[in-house]
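K.L.:
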Amino acid sequence: MTAPTFGFPVDTHPAPRPTHVTLKGRYCALRPLHPARDTDGLYALSHGPEAAWQWAYLFSGPYAQKADFDAHVRTIAAGTNDPVYWAITDLNDRAIGWLSLMRIDTTHRVIEVGSILYTPALQRTPAATEAQFLLMTYVFETLGYRRYEWKCNDLNEPSKKAALRFGFSFEGLFRQHMIAKGANRDTAWFSMLDCEWPQRRLAFTRWLAPENFDAAGQQKVSLAVMNQLTAEEGGLTLRRATLRDVPAITALKEAAYLPNETLTGAVSFPRMVDYAEAMATQEIWVAEEDGDIAACAVIEMGEEPVIVSLAVHPRHHGKRYGDAILRFSERRLRDLGAPFVTLYTNFKLVQRIDWYARRGFVRTTVKEMEDRKVQYMRKDYA
1 MTAPTFGFPV DTHPAPRPTH VTLKGRYCAL RPLHPARDTD GLYALSHGPE AAWQWAYLFS
61 GPYAQKADFD AHVRTIAAGT NDPVYWAITD LNDRAIGWLS LMRIDTTHRV IEVGSILYTP
121 ALQRTPAATE AQFLLMTYVF ETLGYRRYEW KCNDLNEPSK KAALRFGFSF EGLFRQHMIA
181 KGANRDTAWF SMLDCEWPQR RLAFTRWLAP ENFDAAGQQK VSLAVMNQLT AEEGGLTLRR
241 ATLRDVPAIT ALKEAAYLPN ETLTGAVSFP RMVDYAEAMA TQEIWVAEED GDIAACAVIE
301 MGEEPVIVSL AVHPRHHGKR YGDAILRFSE RRLRDLGAPF VTLYTNFKLV QRIDWYARRG
361 FVRTTVKEME DRKVQYMRKD YA
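According to full-length UniProt numbering, the sequence shown is numbered sequentially starting from 1.
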């Protein structure tokens with residue numbers, strides 16, 4: 001009889017419970033609800049012409065009587081255990097919505113964001129996105145939870161769309177999960193994991209950056225694009241890498257780049273990278289085959305959009321995966337708003353340089369370094 005198998009080892013320390021801290025961003029802040037200060041404004045904002053839709057999929061509301069709304073706000077503001085609510089405020093400290101952390105499982109470090117109220121003053125603004133980002137950052141980086149959940153009525157199409165835009169992964173449908181306001185509720189289940197957070201964080205910080213908005217305040221690149229999780233190219237299915245992929249990525253880079261070093265006489269740059277750290281600033285995409293990582297692309301949007309490195313495991317040479325991940329990297333950077341793309345490689349890798357040249361890259365400069373010369377190349381999008 002074979003021994004039972006288990007998952008990867010996990011730190012078993014429980015997570016702390018969330019507390020009513022204030023979280024400040026560029027466009028909004030999260031702070032405790034103050035009934036005396038917030039109730040009148042929130043009632044006016046949440047009980048206008050769109051009230052029926054705003055409250056449709058919440059477990060309470062709308063409130064015909066303001067006194068009932070006042071009592072509800074006092075109740076949720078007083079909660080300090082589960083759920084824990086925050087007011088979402090604008091830059092003038094006016095409450096324009098709320099959200100909560102709920103179903104808090106400190107033992108398994110699982111927590112859910114829910115009971116979200118976005119009034120018209122908050123909807124479709126940068127603050128609406130930043131509020132989610134502030135809470136995610138608190139959950140993963142301050143409290144150390146492993147799993148962050150988003151659940152909604154399966155009929156709530158805007159909520160399901162928002163979950164995907166924010167970078168959650170759809171996990172399935174819990175049929176006849178609840179009774180809500182006297183009606184059946186099938187619940188759509190989404191999650192985000194701590195190992196996925198670095199790449200999600202990168203998307204949020206890019207999207208929220210002032211340079212992502214034009215003079216009229218319109219986004220240049222959508223968060224849905226920045227949070228894209230999968231792609232297809234040349235027979236390859238690519239996905240965003242996670243922290244759990246780091247050992248396999250490192251091994252792939254060793255296998256792909258070590259043979260070059262007999263020619264270059266220097267350690268290849270991709271073998272010098274800490275890929276856990278790189279996930280904070282660079283998009284890392286991987287393609288799997290037969291349970292192993294077959295190819296990897298590392299790209300970075302900056303002043304000069306760059307393909308940092310491409311790698312195909314030697315076992316998969318001859319399948320044109322190199323062409324596929326190069327085309328994908330070019331397309332991805334273009335989708336992110338790049339007008340051109342750059343790359344670099346060791347000056348001695350003449351065949352590699354010629355390979356890029358045949359695919360439209362032009363030699364630009366050669367940089368002299370202490371232990372090598374580096375050839376830089378560029379391709380402008382038509």
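Each residue gets a CB set at the ideal place from its N, CA and C atoms; glycine is no exception.
Going by beta carbon distance, what residues of the same chain come within less than 7 angstroms of Y381, once the five residues before and after it are set aside?
P.N.:
Here the question's residue 381 lines up with position 381 in the sequence shown. Only R334, P339 and F340 meet the Cβ criterion.
K.L.:
Rounded C-beta distance between residue 383 and M136? I'm assuming under 8 angstroms.
P.N.:
Residue 383 lies beyond the range of the chain shown here (1 to 382); nothing can be said about it.
K.L.:
In the DSSP output, what is Y344 paired with across the bridge?
P.N.:
Counting from 1 along the sequence shown, the entry for residue 344 is found at position 344. DSSP, once it has assigned bridges, lists Y376 as partnering Y344.
K.L.:
Could you check whether the stretch 104 to 113 touches the stretch 62 to 77, counting it as contact only if at least three pairs of C-beta atoms, one from each stretch, sit closer than 8 angstroms?
P.N.:
Short answer: they don't touch.
K.L.:
With DSSP run on the structure shown, which of helix, strand or coil describes D292?
P.N.:
Working through the sequence shown from its first residue, we reach residue 292 at position 292. In this structure, D292 counts as strand in the three-state DSSP scheme.
K.L.:
Within this structure, are the beta carbons of R206 and M226 separated by less than 8 angstroms?
P.N.:
As a position in the sequence shown, residue 206 is number 206, starting the count at 1. As a position in the sequence shown, residue 226 is number 226, starting the count at 1. The answer is yes: Cβ separation under 8 angstroms.
K.L.:
Please state the DSSP three-state secondary structure of L30.
P.N.:
For the purposes of this step, residue 30 is taken as residue 30 along the sequence shown, with counting starting at 1. Correct three-state label for L30: strand.
K.L.:
Quick check: the stretch 255 to 267 against the stretch 223 to 243, are there 3 or more CB pairs under 8 angstroms?
P.N.:
The stretch 255 to 267, when compared against the stretch 223 to 243, does not touch it at the 8 angstroms Cβ threshold.
K.L.:
The beta strand (DSSP E) spanning G172 covers which residue range?
P.N.:
Walking along the sequence shown from the start, residue 172 turns up at place 172. Run containing G172: S169 to A180, per the beta strand (DSSP E) assignment.
K.L.:
At which residues does the beta strand (DSSP E) containing F190 begin and terminate?
P.N.:
To locate residue 190, count along the sequence shown from 1; it is residue 190. First-last of the beta strand (DSSP E) with F190: A183 to L193.
K.L.:
Please check the pair T342 and E304, which I expect to be a contact at CB under 8 angstroms, by giving their CB distance rounded to whole angstroms.
P.N.:
To locate residue 342, count along the sequence shown from 1; it is residue 342. To locate residue 304, count along the sequence shown from 1; it is residue 304. Indeed they touch by this definition, with Cβ atoms about 5 angstroms apart.
K.L.:
Are A324 and E196 touching if we call contact CB-CB under 8 angstroms?
P.N.:
By one-based count along the sequence shown, residue 324 stands at place 324. By one-based count along the sequence shown, residue 196 stands at place 196. The answer is no: Cβ separation not under 8 angstroms.
K.L.:
Leaving out the 5 sequence neighbours to the left and right, which residues in its chain are closer than 6 angstroms to Y257 when beta-carbon positions are compared?
P.N.:
Stepping through the sequence shown from its first residue, residue 257 is reached at position 257. Here the set comprises S268, P270 and R271.
K.L.:
Using a Cβ cut-off of 8 angstroms (strictly closer), state whether W355 contacts chain C.
P.N.:
Reference to chain C is not applicable here, since this structure consists of a single protein chain.
K.L.:
Tell me whether S46 sits in a helix, a strand or coil according to DSSP, three-state version.
P.N.:
The residue you call residue 46 lines up with position 46 of the sequence shown. Note: S46 maps to helix in three-state DSSP.
K.L.:
Would you identify the three-state DSSP class for R334, choosing helix, strand or coil?
P.N.:
For the purposes of this step, residue 334 is taken as residue 334 along the sequence shown, with counting starting at 1. Helix at R334.
K.L.:
Between R94 and A203, what straight-line distance do the alpha-carbon atoms span, to the nearest angstrom?
P.N.:
Within the sequence shown, numbered from 1, the residue matching residue 94 stands at position 94. Within the sequence shown, numbered from 1, the residue matching residue 203 stands at position 203. About 27 angstroms.
K.L.:
Whole angstroms are fine: how far does the CA of P247 sit from the CA of R185?
P.N.:
The residue you call residue 185 lines up with position 185 of the sequence shown. The residue you call residue 247 lines up with position 247 of the sequence shown. C-alpha separation (whole angstroms): 42 angstroms.
K.L.:
Over what stretch of residues does the alpha helix (DSSP H) that includes K161 continue unbroken?
P.N.:
Residue 161 sits at position 161 when you count from the first residue of the sequence shown. Run containing K161: E157 to R165, per the alpha helix (DSSP H) assignment.
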